[in-house]
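J.: Protein sequence lines correspond, in order, to chains A and B. Under full-length UniProt numbering, the letters of the first sequence match residues 1 to 257, in that order. Under full-length UniProt numbering, the letters of the second sequence match residues 1 to 257, in that order. Glycine included, C-beta positions come from ideal geometry on N, C-alpha and C.
There are 2 protein chains.
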Amino acid sequence: MSPQPNKRPGRTIRSVQIAFNIIDLLQEEAGIGVTRIADELGHSKSTVHSHLRTLEERRVIVREGDGYRLGLRFLDVASHVRDQIGNFDIVQKEVDSLAEETGEIVQFGVEEYGKVSYLHKAQGEHAVETLSRVGTQQPMYSTSLGKTILAYLPPERIEEIAAAMEYEPKTANTITGPEELFEELEAIRERGYGIDDEENINGLRCVSAPVKNDETILGAISITGPSSRFTEDRLHGELADYVQSAANVIELNTKFS
Amino acid sequence: MSPQPNKRPGRTIRSVQIAFNIIDLLQEEAGIGVTRIADELGHSKSTVHSHLRTLEERRVIVREGDGYRLGLRFLDVASHVRDQIGNFDIVQKEVDSLAEETGEIVQFGVEEYGKVSYLHKAQGEHAVETLSRVGTQQPMYSTSLGKTILAYLPPERIEEIAAAMEYEPKTANTITGPEELFEELEAIRERGYGIDDEENINGLRCVSAPVKNDETILGAISITGPSSRFTEDRLHGELADYVQSAANVIELNTKFS
DNA sequence: TATATCTGTTCCCGCCTGGGGAACGTGTCT
DNA sequence: AGACACGTTCCCCAGGCGGGAACAGATATA
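(1) Applying the 10 Å Cβ sphere with the 16-neighbour rule, what's the burial state of B/GLY31?
(2) From what residue to what residue does the beta strand (DSSP E) around A/GLU111 run?
(3) Measuring only between beta-carbons, confirm whether A/PRO3 sits less than 9 Å from chain B.
(4) Is the shortest distance between the beta-carbon of B/TYR152 and the beta-carbons of chain A less than 9 Å?
(5) Between the C-alpha atoms of B/GLU180 and A/ALA220, what's the straight-line distance to the nearest angstrom?
(6) I'd like to know if B/ILE85 contacts chain A, where contact means its C-beta is closer than 9 Å to some C-beta of that chain.
(7) Go to A/THR224, then tell me how far its beta strand (DSSP E) extends in each direction, as first and last residue.
(8) Put A/GLY146 into one of helix, strand or coil per three-state DSSP.
(9) Would you list, in sequence order, the uninterrupted beta strand (DSSP E) runs of no fewer than 3 residues that lie entirely inside the segment 144–212 of chain B?
(10) How long is the line joining the alpha carbons of B/TYR242 and A/GLN84, rounded to whole angstroms?
(11) Could you tell me whether the Cβ atoms of A/ASN200 and A/THR176 are closer together than 9 Å?
(12) Return the chain-ordered list of same chain residues with a C-beta closer than 6 Å to the C-beta of A/GLY67, the five sequence neighbours on each side being excluded.
(13) Does the beta carbon of B/GLN138 come closer than 9 Å to any beta carbon on chain A?
(14) Closer than 8 Å is the cut-off here; do at least three beta carbon pairs connect the segment 50–63 of chain A with the segment 55–66 of chain B?
(15) Buried or exposed, going by whether 16 or more other CB atoms sit within 10 Å of the CB of A/GLY71?
(16) Check A/HIS126 in the structure and name its three-state DSSP category.
(17) Out of curiosity, what's the CA-to-CA distance linking B/ASP214 and A/ASP24?
(18) Give the secondary structure of A/MET1 by DSSP, where H, G and I count as helix, E and B as strand, and everything else as coil.
(19) Quick one: what does DSSP say B/TYR242 is sitting in, helix, strand or coil?
(20) Could you compute how far the alpha carbon of B/PRO5 sits from the alpha carbon of B/SER46?
(21) Which chain B residues are close to A/GLN107, counting only those with a beta carbon under 8 Å from its beta carbon?
(22) Among B/GLY114, B/HIS120, B/GLU64 and B/SER142, which residue has its Cα nearest to the Cα of B/GLU156?
(23) Which residues in the same chain as B/ASN248 place their Cβ atom closer than 7 Å to its Cβ, once the five residues preceding and following it in sequence are excluded?
(24) In its own chain, which residues sit with a C-beta less than 6 Å from the C-beta of residue 342 of chain B, not counting the 5 before and 5 after it?
(25) For the alpha helix (DSSP H) that A/ARG53 lies in, which residues bound it at each end?
(26) Ordered along the chain, which non-local residues of its own chain (more than five positions away) have a Cβ less than 8 Å from that of A/THR130?
(27) If I measure Cβ to Cβ from A/GLY124 and keep anything under 8 Å in the same chain, skipping five residues before and after, which residues do I get?
(28) Which residue's Cα is closest to the Cα of B/ILE195: B/TYR167, B/ASP39 and B/SER222?
(29) Compare the C-alpha of B/LYS147 against each of B/SER79, B/VAL134, B/ALA209 and B/GLU94 and name the closest.
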């Protein structure tokens with residue numbers, strides 16, 4: 001469940017861990033009850049019971065029929081989170097319109113904990129289905145969004161993230177080590193946009209452009225599609241132009257906020 | 001902070017309460033640190049510290065600069081929550097298009113814990129600003145969404161919710177007691193849509209139509225605007241037609257899911 | 001109707017965990 | 001240097017929490 005390079009441990013609180021295990025479980029599988037949860041997590045029913053009570057009182061979960069699901073409060077929290085990130089409205093608008101214009105998948109991502117998290121995603125009409133989903137994370141070395149954001153982070157942050165990185169080859173083209181990565185980052189900085197040439201998923205290519213506020217990078221915007229439609233030429237030409245101008249629009253609108 | 005009619009208490013876990021107090025606090029005010037949180041909640045720094053560690057490990061919160069904010073993981077959770085509710089895509093599409101068509105505020109809400117929670121909201125170009133926000137809750141007796149949903153809940157559920165209700169007069173028109181409420185619900189069932197005639201906020205009127213799946217109500221869709229534009233005639237004519245046909249579209253598309 | 005077997009709930013006990021105080025380390029203002 | 005923020009760590013001890021078991025309904029099986 002957690003083969004990730006563990007963070008500094010410090011002191012961690014068991015009850016809270018249990019509570020979030022329950023939440024995680026309910027996220028994956030809604031509508032289950034006390035007994036099922038207790039089995040799944042290896043706790044006694046009474047323990048789970050008091051946790052459910054607590055979470056219910058907090059409106060974190062809701063009793064529905066005979067089972068629980070996550071509460072709508074999370075929608076509220078999510079909208080607060082988006083607001084905290086920066087001017088989300090502009091990003092959303094720009095992503096949506098680019099998706100409509102091109103018909104492909106357009107995403108906006110930011111760095112969090114050394115990974116890329118998708119803040120918003122829009123799919124045009126002939127968009128391919130991908131597994132990425134708003135809020136989920138992907139590695140930085142195998143995605144164009146990740147590499148592009150990484151390229152513009154402060155050098156010490158790059159080092160820090162790169163040090164904790166575990167290069168898992170997702171396809172034949174995936175970057176497999178730091179040297180290769182640093183070269184790639186340099187290339188991105190030179191040309192101003194990042195490429196994913198079937199490095200994360202076979203058959204898919206992406207281009208992405210950085211969105212900066214002054215000198216600090218906020219995130220990146222990318223467009224994704226099948227290699228058949230995304231030829232080398234289009235990727236470095238038309239498509240790169242698209243994401244770069246979209247990034248510009250966002251930058252201009254965020255500048256004065 | 002919690003003047004609501006308390007639920008059945010049972011046993012509740014203190015650490016988890018503290019954890020969510022921290023989350024709530026960070027939702028309201030991002031970027032604060034250990035000391036500030038400790039002061040605000042009346043706990044020792046060490047206590048707060050271990051909680052923050054736990055939450056950070058869980059990716060619930062993120063350290064940013066010198067302070068914490070809620071993590072993007074919430075976006076993921078939120079999208080799961082929406083999926084669990086029903087076919088959210090259709091709802092979203094229908095709400096958006098109705099908002100664009102009419103230029104006003106359109107919302108979709110469901111009942112949770114005896115209140116209305118907004119699942120989605122879209123504002124057309126000359127939409128008024130309202131305080132409602134996705135995920136937040138409003139009382140059922142003073143909103144058209146609430147009354148409409150309530151009208152189509154099973155009778156025993158209506159009783160249950162009505163019993164726990166505290167009628168707070170928000171404007172001169174707010175419903176102030178059960179008799180009045182039940183009459184209103186009956187009227188809604190007869191005409192098939194609900195009205196809010198400045199009962200929640202002065203100067204604002206709404207119409208809403210129920211969205212059902214077979215006999216169970218899923219939620220309701222509403223349109224909101226200033227009384228100047230929302231005359232009696234338009235409300236019961238054109239605007240009622242709008243929400244009802246939108247509700248129909250949603251019903252037809254959800255039916256086979 | 002009785003029996004069995006699922007649920008969810010409650011009770012109580014004893015261990016251990018989590019909350020608090022205080023000391024420590026570090027950086028940033030005077 | 002000093003003073004005062006901040007976050008972090010350490011340790012203690014009480015009481016909170018996890019767990020087992022008993023209890024209460026609801027549903028199924030005979």
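T.: Reading off the structure:
(1) With a threshold of 16 other beta carbon atoms within 10 Å, B/GLY31 falls short and is exposed.
(2) Per DSSP, A/GLU111 belongs to the beta strand (DSSP E) from 105–112.
(3) Because A/PRO3 carries a pLDDT of 34, less than 50, the predicted location of this residue cannot be relied on, and the following value inherits that uncertainty. Taking Cβ atoms only, chain B never reaches closer than 9 Å to A/PRO3, which makes this a no.
(4) No, B/TYR152 does not count as interfacial toward chain A.
(5) Each residue's alpha carbon lies about 54 Å from the other.
(6) Output row for B/ILE85: interface = yes.
(7) 216–226 is the span of the beta strand (DSSP E), which, as asked, contains A/THR224.
(8) In the three-state reduction of the DSSP assignment, A/GLY146 falls in the helix class.
(9) Within the segment 144–212 of chain B, the complete beta strand (DSSP E) runs of at least 3 residues are 194–197.
(10) Between B/TYR242 and A/GLN84, the C-alpha separation is close to 35 Å.
(11) No, the Cβ-Cβ distance between A/ASN200 and A/THR176 is not below 9 Å.
(12) If we look at A/GLY67 and ignore the five residues flanking it on each side, its Cβ neighbours are GLY31, ILE32 and GLY33.
(13) Taking 9 Å as the CB threshold, B/GLN138 stays off the interface with chain A.
(14) The segment 50–63 of chain A is not in contact with the segment 55–66 of chain B.
(15) A residue is called buried once 16 or more other Cβ atoms fall within 10 Å of its Cβ, and A/GLY71 is buried on that count.
(16) Per DSSP, reduced to three states, the secondary structure at A/HIS126 is coil, with no helix or strand assignment.
(17) Rounded to the nearest angstrom, the two C-alpha atoms are 31 Å apart.
(18) The predicted model places A/MET1 with a pLDDT of 36, which falls under 50 and marks its position as unreliable, so this point remains unresolved.
(19) Looking at B/TYR242 - three-state DSSP - the assignment turns out to be helix.
(20) At B/PRO5 the pLDDT is 39, less than 50, meaning the model places this residue with poor confidence and gives no usable figure here.
(21) Per Cβ cutoff of 8 Å: no residues; A/GLN107 is ~12 Å from chain B at best.
(22) Residue B/GLY114 is the option with its Cα nearest to B/GLU156.
(23) Correct list: empty, nothing qualifies.
(24) Coverage of chain B is limited to positions 1 through 257, which leaves residue 342 of chain B absent and any answer about it impossible.
(25) Residues 45–57.
(26) Hits under 8 Å: ILE105, ILE201, LEU204 and THR224.
(27) Excluding residues within five positions, the ones whose Cβ falls inside 8 Å are ALA99, GLU100, GLU101, THR102, GLY103, GLU104, ILE105 and VAL106.
(28) The shortest Cα separation from B/ILE195 among B/TYR167, B/ASP39 and B/SER222 belongs to B/SER222.
(29) Distance from the Cα of B/LYS147 is smallest, within the candidate group B/SER79, B/VAL134, B/ALA209 and B/GLU94, for B/ALA209.
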